[in-house]
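Using this note's numbering, you'd call the opening residue of the sequence shown number 8 and step up by one each time. Backbone N, C-alpha and C fix where the C-beta goes; we use that ideal spot for every residue, glycine too. Quick caveat: nothing in here was measured; it's all calculated off a predicted structure. Remarks on the structure that follows.
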Amino acid sequence: MTSSTKILSYILISIAALGIVSCSDNKSYAELLTDETKNVNAFLANQKVINEIPEDSIFEAGKDAPYYRIDETGNIYMQVIKYGTQEKAEDDQQVYFRYTRYNLSQYNAATGKLPEGMGNSEDLEYEPTWFRFKNFTLTSSSQYGAGIQMPLYFLPLGSEANVIIKSQYGMTSEISYVTPFLYNIRYYKGKI
Numbered sequence: 008m009t010s011s012t013k014i015l016s017y018i019l020i021s022i023a024a025l026g027i028v029s030c031s032d033n034k035s036y037a038e039l040l041t042d043e044t045k046n047v048n049a050f051l052a053n054q055k056v057i058n059e060i061p062e063d064s065i066f067e068a069g070k071d072a073p074y075y076r077i078d079e080t081g082n083i084y085m086q087v088i089k090y091g092t093q094e095k096a097e098d099d100q101q102v103y104f105r106y107t108r109y110n111l112s113q114y115n116a117a118t119g120k121l122p123e124g125m126g127n128s129e130d131l132e133y134e135p136t137w138f139r140f141k142n143f144t145l146t147s148s149s150q151y152g153a154g155i156q157m158p159l160y161f162l163p164l165g166s167e168a169n170v171i172i173k174s175q176y177g178m179t180s181e182i183s184y185v186t187p188f189l190y191n192i193r194y195y196k197g198k199i
C-alpha cells in the first residue's frame, strides 16, 4: 500500500467515524443543534433571563439572579452567584477553577430537577483545573472550550457563576455530541 493510499484510507475512515458520532440516533447535525437549543430553552424557561449585558457592567448576584446572555448568538448564558473581590484576569494569566457541570439534555423541566453533576468542585482530592486566560494556542486552555472563560471577560477573579454553555463553546473533545451543559464555576488566582 502506497503512502498516498494509506493517507486516503485514513481520511475515509476518519470521515466515516465522524459521521457515526455526529449522527447518533439517525439525527442530522442540524437536528441535534435544534435539540440542544430546546434543552437550553427548557432550562431557561424556569429562570429570569436578560438578553444583554448591563450597560454599566454591574450584574445582579445571588441564587435568584437572572441569567445574562453573554454572547450575541445565545450560546452562553451566565448567572453571577458571587461577585469576586480580586482583580480581573489579565491576558495569558493562569486561572485555576473548580466546577460541577450538569447535562442539560437530562434536565427534567417538569420537576425543575437537574441530573447528577460531575466535576472537581466538591472533592478536594481532585486537582484544580486551569487555563491561560484568552490563550487558546495551548491545549491546556483550549480543551475546555471558550465558554468556560467567558465570565472572566466581565467578572473579577474570586467570582462564582452558573454558566450555560452550548456544545460549540464547550470542551473540544465533546463538540460532536452536541450536548449543552450548565456549569457552576469558581475562579481563582492561585492554585487552590
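**Request:** Look at the Cβ atom of Gln156, then the Cβ atom of Lys141, and state whether they are nearer than 8 Å.
**Result:** By one-based count along the sequence shown, residue 156 stands at place 149. By one-based count along the sequence shown, residue 141 stands at place 134. Closer than 8 Å, so yes.
**Asked** Run through DSSP, which three-state label would Ala168 get?
**Response** The count along the sequence shown starts at 1 and reaches residue 168 at position 161. Looking at Ala168 - three-state DSSP - the assignment turns out to be strand.
**Message:** Could you pull the DSSP bridge partners for Gln86 from this structure?
**Reply:** Within the sequence shown, residue 86 is the residue found at index 79, counting from 1. DSSP, once it has assigned bridges, lists Asn169 as partnering Gln86.
**Request:** Rounded to whole angstroms, what's the CA-CA distance from Ile60 to Glu167? Just pull it up for me.
**Result:** Stepping through the sequence shown from its first residue, residue 60 is reached at position 53. Stepping through the sequence shown from its first residue, residue 167 is reached at position 160. Cα to Cα, the separation comes out at about 17 Å.
**Message:** Just to confirm, is the Cβ distance from Phe188 to Leu111 under 8 Å?
**Reply:** Here residue 188 is taken as the residue at index 181 of the sequence shown, counted from 1. Here residue 111 is taken as the residue at index 104 of the sequence shown, counted from 1. Contact flag set, yes.
**Prompt:** Under a Cβ-count criterion, where at least 16 other Cβ atoms within 10 Å of its own Cβ denotes burial, should Asn58 be classed as buried or exposed?
**Reply:** By 1-based counting over the sequence shown, the position of residue 58 is 51. Label assigned to Asn58: exposed.
**Limits of the beta strand (DSSP E) - the one that Asn110 falls within** = What you label residue 110 is simply residue 103 of the sequence shown in a count that begins at 1. Start and end: 101–110.
**Prompt:** If you drop the 5 nearest sequence neighbours on each side, which residues of the same chain put their C-beta closer than 6 Å to that of Ala153?
**Reply:** Translated into the one-based positions of the sequence shown, residue 153 becomes position 146. Once the five neighbours on either side are set aside, the close Cβ partners of Ala153 are Tyr176.
**Prompt:** Roughly how many angstroms lie between the CA atoms of Ile88 and Leu145, to the nearest whole one?
**Reply:** On the sequence shown, residue 88 is found 81 positions in, with the first residue counted as 1. On the sequence shown, residue 145 is found 138 positions in, with the first residue counted as 1. In a straight line, the C-alpha of Ile88 is about 29 Å away from that of Leu145.
**Prompt:** Among residues of its own chain, excluding the 5 on either side of Ile77, which ones have a beta-carbon nearer than 6 Å to its beta-carbon?
**Reply:** For the purposes of this step, residue 77 is taken as residue 70 along the sequence shown, with counting starting at 1. Around Ile77: Ile83, Met85, Met157.
**Prompt:** If we call anything under 8 Å between Cβ atoms a contact, is Thr92 one with Gly197?
**Reply:** Here residue 92 refers to the residue found at position 85 when the sequence shown is read from its first residue. Here residue 197 refers to the residue found at position 190 when the sequence shown is read from its first residue. Taking 8 Å as the Cβ cut-off, Thr92 and Gly197 do not qualify as a contacting pair.
**Message:** For Ile192 and Thr118, what's the separation of their Cα atoms in angstroms?
**Reply:** Taking the first residue of the sequence shown as 1, we reach residue 192 at position 185. Taking the first residue of the sequence shown as 1, we reach residue 118 at position 111. So the two alpha carbons sit approximately 24 Å from each other.
**Message:** For a test of the three-state rule: what should DSSP assign to Leu145, helix, strand or coil?
**Reply:** Taking the first residue of the sequence shown as position 1, residue 145 is located at position 138. In this structure, Leu145 counts as coil in the three-state DSSP scheme.
**Prompt:** Is the beta carbon of Ile171 sitting closer than 8 Å to the one on Tyr106?
**Reply:** Position 164 of the sequence shown, counting from 1, holds the residue named residue 171. Position 99 of the sequence shown, counting from 1, holds the residue named residue 106. Against a cut-off of 8 Å, the Cβ pair of Tyr106 and Ile171 comes out as no contact.
**Request:** Compare the C-alpha of Ala96 against each of Asp63, Phe138, Phe66 and name the closest.
**Result:** Residue numbering aside, residue 96 sits at position 89 when the sequence shown is read from its first letter. Ranking the options by Cα distance to Ala96, first place goes to Phe138.
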